[in-house]
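Only one structure is covered here, and it is reproduced in the block below.
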Amino acid sequence: MDREDGPRVPEQRAPQPGPAGDGGDLRFGVLGPVRAWRDGEALPSGSPQQRALLAALLLRDGRTATAAELIDAIWGDEPPSQALAAVRTYASRLRKVLPAGVLVSESGGYAIRGRADALDLNVAQELAAGAEKARAAGDRNQARVLIDKSLGLWDGEPLAGVPGPYAETQRARLEEWRLTLLETRLDLDLECGHHAEAVSELTALTAAHPLRERLRELLMLALYRSGRQAEALAVYADTRRLLADELGVDPRPELARLQQRILRADAELARPVEEPSRAPAVSRPAQLPATVPDFTGRAAFVRELGDQLATADGSVMAVSALAGIGGVGKTTLAVHVAHAARPHFPDGQLYVDLQGAGARAAEPETVLGAFLRALGAPDSAIPDTLDERAALYRSTLAGRRVLVLLDNARDAAQVRPLLPGTEGCAALVTSRVRMVDLAGAHLVDLDVMSPEEALQLFTRIVGAERVQSEREAALDVVAACGFLPLAIRVAASRLAARRTWTVSVLAAKLADERRRLDELQAGDLAVKATFELGYGQLEPAQARAFRLLGLADGPDISLAAAAAVLDLPLHDAEDLLESLVDTSLLESAAPGRYRFHDLVRLYARACADRDEQPPAERELALSRLLDFYLATAARVFAMERPGDRLVAHLEPTAYEGLDFADRRAALDWLYTEANCLLACARQAAKGPRLRTAVDLLWAAQDLAESGANSKLYEAAALSALEAARTSGDARIEGRARTSMTNVHLVAGRYGEADREAEQASRLATAAGDPAPVYWADNDRGIIAFNQGRYADAERYLFKAMEGSHADDNRPGEASALCNLSRIHLSMGRVAQAISLAEQGVELYERIGHTLRLANAQYALGVALTHARRHAEALEQLAQALHRFETNRQRLWAGTTHFRIAQTHLSAQHPARAAQHAEQALAIGCIGGDRIRGNVLITLGKALDRLGQSGRARACWREALALHEESGATAEAEEARGLLSPLTAA
């Protein structure tokens, strides 16, 4: 295949040494150049003909090849006169290189003996076979992993550089197999829902193999599932035309049927393959509490616990312990599973509520007395002491098959005497505490329901007719309940008892967080009372931590942030948080991260309002958290942008932040904490520390350009700006508008960005705050450039350079230089543009500013493309792309892919251009829909040059619509110009 325009497979790594035998660890490779390694060291493989001999022997799987067969393999019909002597010479040379006993002579020929896994082809085939088995078993993810490993063994063209007809035949066979593996893996990608990611690879593959219909079929399906129906149909039209022109045939029936299904917008076609699920078995034992008639969902837990209980049929006594917060449905699930498992326990089922969440938990002696009576022991035979009762209990159960359900246990100490002691029996335990100290127990952490399960439970209680007419409101209700089964049951029961209420009425009542817990009570069911039981058992330090941690917004909280909230050393904070996890009032989201259930958080805040003394401690806790985030974000900013003076202009903090060993660790923290940091800024914007909240957003501005966090950043910046407008503080409002300018710039809303930047400059000037002034000048220069106002852009950027220089902000000067380069380029001054960009690169390199060095290399790459210095341009853009990806700047990485596509198109490499344009579309770009439209124009041009005019036209139509909507007149005219000759035709 053409390696210039075709897709690349993962690069092969040199085989790693395994257990050494007599000759060391010997490995061979044919999925690339023919090579051999011994203990990881490459062995000399000799001349091309010697490698051809080695390849012919390796591909026979240890079978002997005669001399005549080898001569035919190497030279075909025209062997040299001394061919036999040459074969013997090559064999002799190989025998000297290889360990003794590997290359053997027998029956007038030669063979290679060794382990099957010594040859990369055999390993690849074994992995592919494993993938096929995994797929047949329904494990598509494992199948994808195995096929990727198989493909990863390739290192370019198989048998590369090996002459002879045998090698040529085998090369074609192996290349065909590789393409088949690629098709299988891409098919699995689509089955697993990864259609958007597959489009770029499929675009490149169809360009490299235009007549391969299976690839076209997969591309059509990937485009359709990505919402690009017009392009999917255009692929079919291009394929039909190509097959007719090249081969004089029609597309195969499968491709035609797919086109028809796309035309019909077949709903099944848009859905990835789903894993089969089994419904849980249900039965009705007599000695257990009745199972609820509307038991819903929990299929995976039912299977897991059912399978565990079934092991009691063997040689062990099975114990399963369910843990979870109050109201999560532990008892309901346990009773349901116990009913289903009754056939395994024909000798009976025992049940007790151990009342572990209450003030007076059941005593094990009392429970054992009741169990013994239930098992037939007369009162006179029941001993007095705990140990004697436990011994008699185990003796009574010996030889029987009994299930014991111990509900609502306090701790493992309460449970141990109540466990059966022999095989054939099983115990099922529920508790709010994780029983890590219950030896041999199978631990299960029960979480809330999925949204689908929650809606199903709500519907079963309320009635399908009422829910179907107000489905969105019903979803709001179960979401307000935090998908907690008890809360859903209470809410649904209230609605079922009030026929005049609509679902929307209930949703409106639950929307008020301050009243939500009060609304979630019906009869003797109350969510707040369930939480109160757990809270009442906490030690004072635990209770304080519970209250204060509940004050912080955000999806979860890190250990370091929690330590700031609690004003405790890290280890002390960790001990407290882990103890709360053990009570199920707090969840461990990941190592070092914690979270509340939504309703538990509301309860914690209610406890803080009621119990926290003095009340000012609540505000101090949130203030420490805000200081922690600002101090740490400032350190990340300083590490990312050495020499940038922004950190010197930020609010001082009373609480220290984290230190980082290197830039990678700093970035890991920023993007891991993004949601929590932005939630903290948004929450603080409503309080007395608005100035610090605004500075936090300024210091964390990278999140606005990351793509993954842009929407959350925009929401937080809007909240801060609304609060700043009413504050009467020009400094605060100026900085808030600086952040909003960046938000609008990233989204391509240049008019709004310019208005915000103008006001930011005016307010900062009035407040004597210099940094936002030159930031605004730089931003207005970028805006004017994008709007085609080059003289204004140049004027603003020179002002930005002056302001940065006055503040000793060298990175600010470098940024202005790079932006001036773009302006000169647009005005046709290519040489000056290259010179300015090179100055920017040099300045960033001098100060060690790695993040914005990527922007400088990006600007230089664009300028070099215009100078048609394509190789240099691609080198700069590749370095910029690597830096953007390393710094998690997803939108900038997407924009760089777009520029690389333009460079490849200019260099007459349309297949590579199409591949990078597809990646830009999949990732997203700085500049919003306007830049997306430009990417589509470039993609269309590349596809058109590849002969895919139908799909090209679909891209240009979409680009035209985007540019007309965004008011990009020049770009819209370009799209019309590209479409007009096709329309006329």
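Residue numbers for the sequence shown follow this note's numbering, beginning at 44 and rising by one. We put the beta carbon where it would ideally sit given N, CA and C, even for glycine. If you're wondering where the values come from, they're calculated on a predicted model, not measured in any experiment.
Ranked by Cα distance from Glu211, the first of Gly846, Ala99, Thr374 and Met870 is Ala99.
By the neighbour-count definition (other C-beta atoms within 10 Å, threshold 16), Asp480 is an exposed residue. Looking at the DSSP output, Val395 shares a beta bridge with Leu449. One thing to note: Ala809 has its Cβ within 7 Å of the Cβ of Ala773. Trp80: member of the beta strand (DSSP E) spanning Arg78 to Arg81, first to last residue. Contact between the stretch 257 to 265 and the stretch 281 to 298 is present, with at least three C-beta pairs closer than 8 Å. Ranked by how close their Cα comes to the Cα of His959, the residues Ile974, Ile826, Thr939 and Ala708 have Thr939 in first place. If you compare the alpha carbons of Tyr698, Tyr714, Gly391 and Arg559 with that of Gly442, the shortest gap goes to Gly391. Pro201 is classed as buried because its beta carbon has at least 16 other beta carbons within 10 Å across all chains shown.
The shortest C-alpha to C-alpha distance from Leu146 to any of Leu96, Gly173, Asn829 and Ala172 is the one to Leu96. For the pair of segments examined, the stretch 235 to 247 was found not to touch the stretch 108 to 121: the number of CB pairs separated by less than 8 Å stays below three. Going by beta carbons, Thr339 and His379 fall outside the 7 Å limit. Rounded to whole angstroms, the separation of the alpha carbons of Ala343 and Gly412 is 35 Å. DSSP places Val505 in the uninterrupted alpha helix (DSSP H) bounded by Pro494 to Val505. Cβ neighbours of Ala722 within its own chain (closer than 7 Å, five residues either side excluded): Asp596 and Gly597.
Out of Ala906, Trp544 and Asp281, the CA that lies nearest to the CA of Gly990 is found in Asp281. A direct Cα-Cα distance of roughly 30 Å separates Ser878 from Lys984. By the beta-carbon neighbour count (other beta carbons within 10 angstroms, threshold 16), Leu254 is exposed. Restricted to the stretch 512 to 589, the alpha helix (DSSP H) segments that are unbroken, complete and at least 4 residues in length are 514 to 523, 528 to 540, 546 to 554, 556 to 562 and 570 to 579, listed in chain order.
Contact between Phe941 and Val978 holds, since their C-beta atoms are separated by about 5 Å, short of 8 Å.
Look at the beta carbons and you see the stretch 723 to 732 touching the stretch 656 to 668: at least three pairs across the two are nearer than 8 Å.
The criterion of a C-beta distance shorter than 7 Å is satisfied by Ser1009 and Arg973.
As a beta-bridge residue in DSSP terms, Leu365 pairs with Thr473 and Val487.
Under the three-state reduction of DSSP, Leu86 is assigned to strand. With a beta-carbon spacing of about 15 Å, Ser631 and Gln585 fall beyond the 8 Å limit used to define contacts.
In the DSSP secondary-structure assignment, Ala154 is bridged to Val147.
The alpha-carbon separation between Ala456 and Pro407 amounts to approximately 9 Å. Judged by beta-carbon spacing, Glu765 lies beyond the 7 Å limit of Thr735, meaning their Cβ atoms are not closer than that value.
Comparing alpha carbon positions, the residue from Pro528, Leu397, Thr781 and Gly467 closest to Ala361 is Gly467. DSSP, reduced to helix, strand and coil, places Ala633 within a strand of the structure shown. In this structure, Ala470 lies away from Val487, with their beta-carbon atoms at least 7 Å apart. The three-state reading of DSSP puts Arg638 in strand, counting E and B together.
When beta bridges are read from the DSSP output, Ser601 appears opposite Arg636.
In the three-state reduction of the DSSP assignment, Arg792 falls in the coil class, being assigned neither a helical nor a strand state. Selection Pro91, Trp197, Leu806 and Glu234 evaluated against Arg183 yields Glu234 as nearest (Cα-Cα). Of the residues assessed, Asp104 falls on the exposed side of the cut-off, its CB having fewer than 16 other CB atoms within 10 angstroms.
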